[in-house]
Amino acid sequence: MTKISRRSFNALLGAAGALSLAGGLSACSSGPRVVVVGGGFGGATAAKYLKRYDPSLDVTLIDAQASHFTCPFSNTVLVGMNDMSYIERKFDKLNTMHGVKVYTDMVTAIDPATKVVKTAGGKTFEYDRLIVSPGIDFKWNAIEGYDEAASNVMPHAWKAGPQTALLKKQLEAMPNGGLVVIAPPGNPFRCPPGPYERASLIASYLKKNKPKSKLLILDAKDAFAKDKLFKEGWEKMYDDIIEWVPAAKNGKVTKVNAKDGTVETDFEKFKPAVANIIPPQTAGQIAITAGLADKSGFCPVDPNTFESTLAKNVHVIGDAAIAGDMPKSGYSASSQAKVCAAAIVALFKGEKPLPLSAINTCYSLVAPDYGISVAAVFAVKDGKIASIPNSGGVSPMGANYQFRKKEADFAVGWYQSICQDSWA
Amino acid sequence: MRGFPVTPVLRLALGLALAPLALVGTAQAADQVAVMADACAGCHGTDGHSIGGMPGFSGKKPEELKKVLHDFKSGAREATVMDRIAKAYSVEQLDAIADYFASRKK
Numbered sequence: 010m011t012k013i014s015r016r017s018f019n020a021l022l023g024a025a026g027a028l029s030l031a032g033g034l035s036a037c038s039s040g041p042r043v044v045v046v047g048g049g050f051g052g053a054t055a056a057k058y059l060k061r062y063d064p065s066l067d068v069t070l071i072d073a074q075a076s077h078f079t080c081p082f083s084n085t086v087l088v089g090m091n092d093m094s095y096i097e098r099k100f101d102k103l104n105t106m107h108g109v110k111v112y113t114d115m116v117t118a119i120d121p122a123t124k125v126v127k128t129a130g131g132k133t134f135e136y137d138r139l140i141v142s143p144g145i146d147f148k149w150n151a152i153e154g155y156d157e158a159a160s161n162v163m164p165h166a167w168k169a170g171p172q173t174a175l176l177k178k179q180l181e182a183m184p185n186g187g188l189v190v191i192a193p194p195g196n197p198f199r200c201p202p203g204p205y206e207r208a209s210l211i212a213s214y215l216k217k218n219k220p221k222s223k224l225l226i227l228d229a230k231d232a233f234a235k236d237k238l239f240k241e242g243w244e245k246m247y248d249d250i251i252e253w254v255p256a257a258k259n260g261k262v263t264k265v266n267a268k269d270g271t272v273e274t275d276f277e278k279f280k281p282a283v284a285n286i287i288p289p290q291t292a293g294q295i296a297i298t299a300g301l302a303d304k305s306g307f308c309p310v311d312p313n314t315f316e317s318t319l320a321k322n323v324h325v326i327g328d329a330a331i332a333g334d335m336p337k338s339g340y341s342a343s344s345q346a347k348v349c350a351a352a353i354v355a356l357f358k359g360e361k362p363l364p365l366s367a368i369n370t371c372y373s374l375v376a377p378d379y380g381i382s383v384a385a386v387f388a389v390k391d392g393k394i395a396s397i398p399n400s401g402g403v404s405p406m407g408a409n410y411q412f413r414k415k416e417a418d419f420a421v422g423w424y425q426s427i428c429q430d431s432w433a
Numbered sequence: 352m353r354g355f356p357v358t359p360v361l362r363l364a365l366g367l368a369l370a371p372l373a374l375v376g377t378a379q380a381a382d383q384v385a386v387m388a389d390a391c392a393g394c395h396g397t398d399g400h401s402i403g404g405m406p407g408f409s410g411k412k413p414e415e416l417k418k419v420l421h422d423f424k425s426g427a428r429e430a431t432v433m434d435r436i437a438k439a440y441s442v443e444q445l446d447a448i449a450d451y452f453a454s455r456k457k
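Okay, structure coming up:
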């Protein structure tokens, strides 16, 4: 096992292969060491803003993949509005513009006692503080028959990339008149309005390309994010295509069979042309392995610093964290990352961390030219992250075409901005 | 309120010779206003440099930004989402956010 200390690090910079993007500005980073696990919205933003708030920090980002495919806008890729490259985020600018060392490797172990992380590639990284931003993993077999192998037949597409490509391929291959089933999980899960945006955009695709087809949402819940707004749009545009079946009407999927392609609730059995099963979730595997999650499967944290309540000097942000009223969204993760970065800089200086101030703004497309949003601003109240009363909320009901079109345009602007703010 | 502690300034000065402008141009200490304002960057770009269809703040005068934010809060100015967001902040906080973005480099 190779142990990489700060001193020996420069010596390794010349080594080819495993070390990617570790040169550049890192040579002048002589301050405390922060290792960031995960290069999604949370991890990338944290790494960038740590260097922004204190350029002397020695910041290392480790992600298992060479680039990150964002879940936001992956639904537009599914239906051919954008190419896969549109949602691919590379890490090179974190290095060249901000001086973050970037490694492509999978973190397999965290030891808070000795403050080291270990990787599948056999490396050991020492840290003074660690940020864990691993996103989510799935509770395989929570739905009977839905394991990892089944997800290669009935994609979840709830982590973007190959799963997105698989679902897209199935949608393209299905016949006109076929049935699409989307099965969203119960709360909490990543991107609460996401399954319904997906249903909307797939319906928009079917309406245009395969108009005899149907889309059934078999839901484990009786209510969902922005539900009134989605239903208003569906009634207007997809009345003949989308049917939403809540848990109260036996919508919850309890069993699937990847071999014969069937999907079952307690009362009915379906054989869809395309089955998109989105299973219940936990914090990303490394957070579980490292003992950072509680019984809920997610990670309890201090609401102002995101330091784990279960491990000192380890911070958890993004979808993996239990963050009060903040939904599991890319914007939340990115906003939490900045608060966490500022807190870590303060803690290194022996100062009291600042109180949290965070935002979530999230757009959904009901059609390519029809956008809706939800927004909230957060502060800590009674030890929990809470949305500030009498503010925030969702887009108005009954708005005209111009309003919805404007929000669809802002959705694109939002995506461009948050990707710039997080990775560039 | 946004005083720069001595040590980071020195570090920054020392870093000048080595670091490209992109890094030095964005470096700053985090205080309460920065933490509050930087949350806006998710939609409006780092330091308000929007690269897409969201309104950017670069080159805007502080008074101009303050008026827009006050009007979003009061509802005097039509909005899709900013009316909902501005209501979460006090007028003093909105003014501090406006001053923060107006002071960012273009």
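Quick note, the sequences are listed as chains B and L, same order. Take our numbering: the final residue in the first sequence is number 433, and no numbers are missing along the way. Take our numbering: the final residue in the second sequence is number 457, and no numbers are missing along the way. All C-beta atoms, glycine included, are put in the ideal place defined by N, C-alpha and C. Quick caveat: nothing in here was measured; it's all calculated off a predicted structure.
Per DSSP, what are the beta-bridge partners of residue i in this structure?
i	result
Tyr-155 of chain B	DSSP lists no partner for Tyr-155 of chain B.
Asp-378 of chain B	None; Asp-378 of chain B has no bridge partner.
Asn-285 of chain B	B:Ile-191
Thr-370 of chain B	B:Ala-384
Ser-396 of chain B	B:Phe-387
Asp-120 of chain B	B:Val-125
Arg-42 of chain B	B:Asp-67
Ser-317 of chain B	B:Val-310
Phe-279 of chain B	B:Val-272
Give a yes or no on whether the minimum CB-CB distance between residue i and chain L is below 8 Å.
i	result
Lys-223 of chain B	no
Gln-425 of chain B	yes
Ile-397 of chain B	yes
Val-354 of chain B	yes
Ala-417 of chain B	no
Ser-35 of chain B	Caution applies to Ser-35 of chain B, whose pLDDT of 49 falls short of 50 and renders its modelled position unreliable; the value that the coordinates give is listed next. By this cut-off, Ser-35 of chain B is not an interface position.
Phe-521 of chain B	Nothing can be reported for residue 521 of chain B: it is not among the residues displayed for chain B, which extend from 10 to 433.
Thr-370 of chain B	yes
Gly-242 of chain B	no
Ala-384 of chain B	yes
Ser-160 of chain B	no
Tyr-62 of chain B	yes
First and last residue of the alpha helix (DSSP H) that includes residue i?
i	result
Asp-434 of chain L	433–437
His-77 of chain B	It is not in any alpha helix (DSSP H) - His-77 of chain B instead sits in the beta strand (DSSP E) that spans 76–78.
Thr-298 of chain B	294–298
Leu-176 of chain B	171–182
Glu-416 of chain B	410–432
Glu-414 of chain L	413–425
Tyr-62 of chain B	50–62
His-165 of chain B	Per DSSP, His-165 of chain B belongs to no alpha helix (DSSP H) and is neither H nor E.
Is it true that the CB of residue j sits closer than 8 Å to the CB of residue i?
i	j	result
Gly-393 of chain L	Tyr-340 of chain B	yes
Leu-66 of chain B	Lys-57 of chain B	no
Gly-396 of chain L	Ser-344 of chain B	no
Met-183 of chain B	Ile-286 of chain B	no
Thr-69 of chain B	Lys-110 of chain B	yes
Ala-229 of chain B	Ala-256 of chain B	yes
Pro-281 of chain B	Val-190 of chain B	yes
Lys-476 of chain B	Met-106 of chain B	For chain B, the structure presents residues 10 to 433; residue 476 of chain B sits outside this window and is missing.
Val-141 of chain B	Ala-329 of chain B	yes
Measure from the C-beta of residue i to each C-beta in chain B and report whether the shortest distance is under 8 Å.
i	result
Lys-456 of chain L	no
Ala-439 of chain L	yes
Val-442 of chain L	no
Ala-390 of chain L	yes
Ser-409 of chain L	no
Ala-373 of chain L	At Ala-373 of chain L, the pLDDT of 37 sits below 50, so the modelled position is not reliable and the matter cannot be decided from this model.
Ala-482 of chain L	Because chain L spans 352 through 457 in this model, residue 482 of chain L falls outside it and cannot be assessed.
Gly-396 of chain L	yes
Asp-446 of chain L	no
Val-419 of chain L	no
Arg-435 of chain L	yes
Gly-393 of chain L	yes
Between the options, which has its C-alpha nearest residue i's C-alpha?
i	options	result
Leu-210 of chain B	B:Met-90, B:Gly-47, B:Ser-39	B:Met-90
Lys-177 of chain B	B:Glu-360, B:Ser-142, B:Val-88	B:Val-88
Val-372 of chain B	B:Pro-204, B:Gly-47, B:Val-262	Note that residue 372 of chain B is Tyr in the sequence shown here, rather than Val. That would be B:Pro-204, whose Cα lies nearest to the Cα of Tyr-372 of chain B.
Val-262 of chain B	B:Thr-291, B:Glu-252, B:Thr-113, B:Glu-277	B:Glu-277
Gln-383 of chain L	B:Ala-257, B:Ala-350, B:Ile-326	B:Ala-350
Ala-388 of chain B	B:Lys-415, B:Ala-232, B:Val-348	B:Val-348
Ser-76 of chain B	B:Glu-97, B:Gly-144, B:Pro-193	B:Glu-97
Ile-250 of chain B	B:Lys-258, B:Asn-259, B:Lys-240	B:Lys-240
Phe-412 of chain B	B:Ile-381, B:Trp-432, B:Cys-428, B:Val-403	B:Ile-381
Between which two residues does the beta strand (DSSP E) harbouring residue i extend?
i	result
Glu-443 of chain L	No beta strand (DSSP E) holds Glu-443 of chain L; the alpha helix (DSSP H) holding it covers 442–453.
Tyr-214 of chain B	No beta strand (DSSP E) contains Tyr-214 of chain B, which is instead part of the alpha helix (DSSP H) from 203–218.
Thr-266 of chain B	The sequence shown places Asn at residue 266 of chain B, not Thr. From DSSP, the beta strand (DSSP E) with Asn-266 of chain B extends over 262–266.
Lys-237 of chain B	That residue, Lys-237 of chain B, is in no beta strand (DSSP E); its alpha helix (DSSP H) goes 236–246.
Lys-102 of chain B	It is not in any beta strand (DSSP E) - Lys-102 of chain B instead sits in the alpha helix (DSSP H) that spans 101–105.
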